[in-house]
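Engineer: Next up is a structure, given as structure tokens.
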Amino acid sequence: PHEVKAGGYDVVTSSPQVGSSLVMHEQKISVDLSKAMDNHTYRFDAVFGEQSTNQQIFETALRPMVEYLLANRGGHGTCFAYGQTGSGKTVTMGGLGGNGGGNAAGLYSHVADELFHGVTEAAKHGTQLGVRAGFFEIYRGKCFDLLNRKKPVQVMEDERGQQQIVGLEQVSLSSAEQLLDLIERSERTTRATAQNAHSSRSHAILQIAVVTPSPQPWQPEEMRCKLSLVDLAGSEWAAKAQSDDRNNRLDGAEINKSLLSLKECIRALGNNGSHVPFRGSKLTQVLKDSFVGAHSRTVMIANVSPCSACCEHSLNTLRYAERVKDWQQQEQRQEQRQE
36 PHEVKAGGYD VVTSSPQVGS SLVMHEQKIS VDLSKAMDNH TYRFDAVFGE QSTNQQIFET
96 ALRPMVEYLL ANRGGHGTCF AYGQTGSGKT VTMGGLGGNG GGNAAGLYSH VADELFHGVT
156 EAAKHGTQLG VRAGFFEIYR GKCFDLLNRK KPVQVMEDER GQQQIVGLEQ VSLSSAEQLL
216 DLIERSERTT RATAQNAHSS RSHAILQIAV VTPSPQPWQP EEMRCKLSLV DLAGSEWAAK
276 AQSDDRNNRL DGAEINKSLL SLKECIRALG NNGSHVPFRG SKLTQVLKDS FVGAHSRTVM
336 IANVSPCSAC CEHSLNTLRY AERVKDWQQQ EQRQEQRQE
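Using the numbering used here, read the sequence shown as starting at 36 and increasing by one per residue.
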């Protein structure tokens with residue numbers, strides 16, 4: 036790997052499989068110029084080591100959420116992968132395919148299999164359900180339909196305060212394989228950067244809705260639940276991007292702006308603020324339904340690189356994830372009080 040050739044070394048200690056904590060080793064230089072090491076310990080619901088597979092991530096983090104959504108009418112779940120450029124977010128969500136071994140299938144595939152399993156089980160008990168999917172990207176503050184030749188679409192709020200993607204093509208699905216085929220045929224915006232030859236320069240959002248077919252053609256379908264799988268564009272520091280390309284600089288600025296808006300929304304929710312700035316970016320506007328509502332559930336997957344050259348980035352990602360965890364714990368305590 037190019038990190039090893041550049042003199043990088045491992046600064047993360049965790050269980051090789053699945054654990055609950057990790058230690059980040061940050062190298063420091065003391066006042067007397069001697070080298071020192073700061074050890075930062077982080078605890079999460081689950082920590083997946085280098086030998087973990089996407090199947091394990093799904094079983095631990097996403098299967099309980101999918102089962103909850105299928106069991107509760109009107110539920111809205113969101114899973115988003117966050118981390119620096121090149122840390123493995125797209126591999127986690129989409130998989131390696133082909134000869135990828137345990138990571139050949141990504142979370143898209145595992146979620147689709149579980150959803151259609153739930154639909155099949157419901158049919159055995161006399162409940163007919165349908166599955167609809169839309170796939171779009173947010174690039175430089177605008178939304179584009181990835182299943183319809185990147186046609187521009189609009190994000191608008193309806194009379195119930197829910198976010199609607201106007202103009203987004205919703206495809207009726209009959210199998211998990213059909214969904215994966217649609218994703219493979221889509222073309223997400225990527226660009227070569229100093230850190231990644233195929234860096235995703237947009238936030239990709241896959242929205243899957245489970246609906247109850249209407250008894251009459253003129254009646255609207257009833258949405259049972261909705262699940263959003265978000266592959267965020269990689270965060271990066273302008274000082275380390277080392278790019279003379281104007282487009283790369285503009286992309287990076289817009290990506291960081293939207294991720295900062297997401298962080299501000301999480302901070303406001305964690306502090307029980309009266310105002311949450313969901314309109315700060317298109318990303319937070321789209322994800323508003325994920326953070327509010329009695330039956331909303333959120334899973335954050337923080338991808339970190341173990342390389343010493345990425346230590347500062349990895350620490351920022353872990354702090355971000357820690358804030359999300361704190362907010363979720365506050366939400367759980369409030370729900371327990373209400374019960």
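Note that beta-carbon positions come from the ideal geometry of N, C-alpha and C, so glycine has one too. Computed from a predicted model, the values in this text were never measured in an experiment.
Assuming G169 contacts L203 under a Cβ cut-off of 8 Å, what Cβ separation, rounded to an integer in Å, is found between them?
Structural biologist: Sure, about 5 Å apart at Cβ, within 8 Å.
Engineer: Kindly give me the distance between the Cβ atoms of I301 and S237, rounded to whole angstroms, as I take these residues to be in contact under 8 Å.
Structural biologist: At roughly 21 Å, the Cβ-Cβ gap does not stay under 8 Å, so I301 and S237 are not in contact.
Engineer: So which of R354, L150 and S69 has the shortest CA-CA distance to S263?
Structural biologist: Out of R354, L150 and S69, L150 has the C-alpha closest to the C-alpha of S263.
Engineer: In angstroms, rounded to a whole number, what distance separates the CA positions of L182 and S221?
Structural biologist: Taking the straight line joining both Cα atoms gives about 6 Å.
Engineer: For the 8 Å Cβ check, are there 3 or more pairs between the stretch 187-197 and the stretch 114-123?
Structural biologist: With a cut-off of 8 Å, the stretch 114-123 and the stretch 187-197 do not count as touching, because too few Cβ pairs lie within range.
Engineer: Specify, as a first and last residue, the run of the beta strand (DSSP E) that N14 falls within.
Structural biologist: Beyond the ends of the chain as shown, which are 36 and 374, falls residue 14; an answer cannot be given.
Engineer: Within the same chain, show all residues whose beta-carbon is closer than 7 Å to that of Y103, passing over the 5 residues directly before and after it, in chain order.
Structural biologist: If we look at Y103 and ignore the five residues flanking it on each side, its Cβ neighbours are G110 and R332.
Engineer: Taking the alpha carbon of M59 as the reference point, which residue from V359, Q365, Y355 and S349 has its own alpha carbon closest?
Structural biologist: Looking at the Cα atoms, S349 is the closest of the given residues.
Engineer: Let me confirm a value: T30 is counted as buried when at least 16 other C-beta atoms fall within 10 Å, else exposed. Which label applies?
Structural biologist: Only positions 36 to 374 of the chain appear in the structure, and residue 30 is not among them; the question remains open.
Engineer: For M100, write down the residues that DSSP places opposite it in a beta bridge.
Structural biologist: BP columns for M100 are empty, so no partner.
Engineer: Check whether the stretch 83-90 touches the stretch 308-324, taking contact to mean three or more Cβ pairs, one atom from each stretch, closer than 8 Å.
Structural biologist: Taking 8 Å as the limit for Cβ pairs, the verdict is that the stretch 308-324 does not touch the stretch 83-90.
Engineer: Would you identify the three-state DSSP class for A276, choosing helix, strand or coil?
Structural biologist: Residue placement at A276 is poorly supported in this model, since its pLDDT is 49, which falls under 50; the coordinates still yield a value, given next. In this structure, A276 counts as helix in the three-state DSSP scheme.
Engineer: Kindly list the residues whose CB is nearer than 6 Å to the CB of N107, restricted to its own chain and excluding five residues on each side of it in sequence; keep chain order.
Structural biologist: The residues are H330.
Engineer: I believe V46 touches S235 by the beta-carbon criterion, under 8 Å. Please report the beta-carbon distance rounded to the nearest angstrom.
Structural biologist: Not confirmed; about 24 Å, so no contact.
Engineer: In terms of alpha-carbon separation, which member of E85, L68 and V101 lies closest to V442?
Structural biologist: Residue 442 falls outside the range modelled here, since the chain spans only 36 to 374, and no answer is possible.
Engineer: Going by the beta-carbon positions, is the gap between S207 and V166 smaller than 9 Å?
Structural biologist: Yes; because the gap between Cβ atoms is below 9 Å, this pair is in contact.
Engineer: For K159, which residues of its own chain have a beta-carbon under 8 Å away from its beta-carbon, when the five flanking residues on both sides are left out?
Structural biologist: Around K159: no qualifying Cβ.
Engineer: Pick helix, strand or coil for A139, following the three-state DSSP scheme.
Structural biologist: Reduced to three states, the DSSP call for A139 is coil.
Engineer: Going by DSSP, what residues sit across from S207 in a beta bridge?
Structural biologist: BP columns for S207 point to R167.
Engineer: Out of D180, P51 and Q163, which one is the CA nearest neighbour of R259?
Structural biologist: Minimum Cα distance to R259 is reached at Q163.
Engineer: For T76, report the span of its beta strand (DSSP E) as first-last.
Structural biologist: Note, T76: beta strand (DSSP E), K70 to F83.
Engineer: So, are the CB atoms of S296 and L267 less than 9 Å apart?
Structural biologist: The answer is no: Cβ separation not under 9 Å.
Engineer: Please list, in chain order, all residues of the same chain as K298 whose beta carbon is under 8 Å from its beta carbon, the five residues on each side excluded.
Structural biologist: Result list for K298: Y355 and R358, in chain order.
Engineer: Only counting the same chain, and skipping five residues up and downstream in sequence, which positions put a Cβ closer than 7 Å to that of E289?
Structural biologist: Answer for E289: R175 and G176, listed in chain order.
Engineer: Measuring alpha carbon to alpha carbon, tell me which residue in N291, A140 and N134 is nearest G315.
Structural biologist: The candidate whose alpha carbon is nearest that of G315 is N291.
Engineer: Nearest CA to the CA of K185: which residue from M72, A239 and D80?
Structural biologist: Measuring from the Cα of K185, the nearest candidate turns out to be A239.
Engineer: Work out the CA separation of L217 and F179 for me, nearest whole Å.
Structural biologist: Roughly 15 Å between the two C-alpha positions.
Engineer: Do A96 and A81 come within 9 Å of each other at the CB atom, strictly closer than that value?
Structural biologist: Yes. Within cutoff.
Engineer: Taking only the alpha-carbon atoms, compute the straight-line gap between G84 and Q251 and give it to the nearest angstrom.
Structural biologist: Looking at the two C-alpha atoms, the distance is approximately 51 Å.
Engineer: Residues in its own chain within less than 7 Å of S249 by CB, not counting five upstream and five downstream?
Structural biologist: For S249, where only same-chain residues beyond five positions count, the Cβ hits under 7 Å are P255 and E256.
Engineer: Among the candidates K40, I243, M128 and G269, whose CA atom is the shortest distance from the CA of S209?
Structural biologist: Of the candidates K40, I243, M128 and G269, the one whose C-alpha sits nearest the C-alpha of S209 is I243.
Engineer: Using beta-carbon positions only, say whether G118 and V339 come within less than 9 Å of one another.
Structural biologist: Their beta carbons are under 9 Å apart, which means G118 touches V339 by this criterion.
Engineer: How far does the alpha helix (DSSP H) with L294 in it reach, from first residue to last?
Structural biologist: Element bounds for L294: R281 to G305.
Engineer: Go to E256, then tell me how far its beta strand (DSSP E) extends in each direction, as first and last residue.
Structural biologist: Neither: E256 is in no beta strand (DSSP E) and is coded neither H nor E.
Engineer: Output yes or no for whether 9 Å exceeds the beta carbon distance between A116 and T127.
Structural biologist: Against a cut-off of 9 Å, the Cβ pair of T127 and A116 comes out as a contact.
Engineer: What is the DSSP secondary structure of L241, counted as helix, strand or coil?
Structural biologist: L241: strand per DSSP, three-state reduction.
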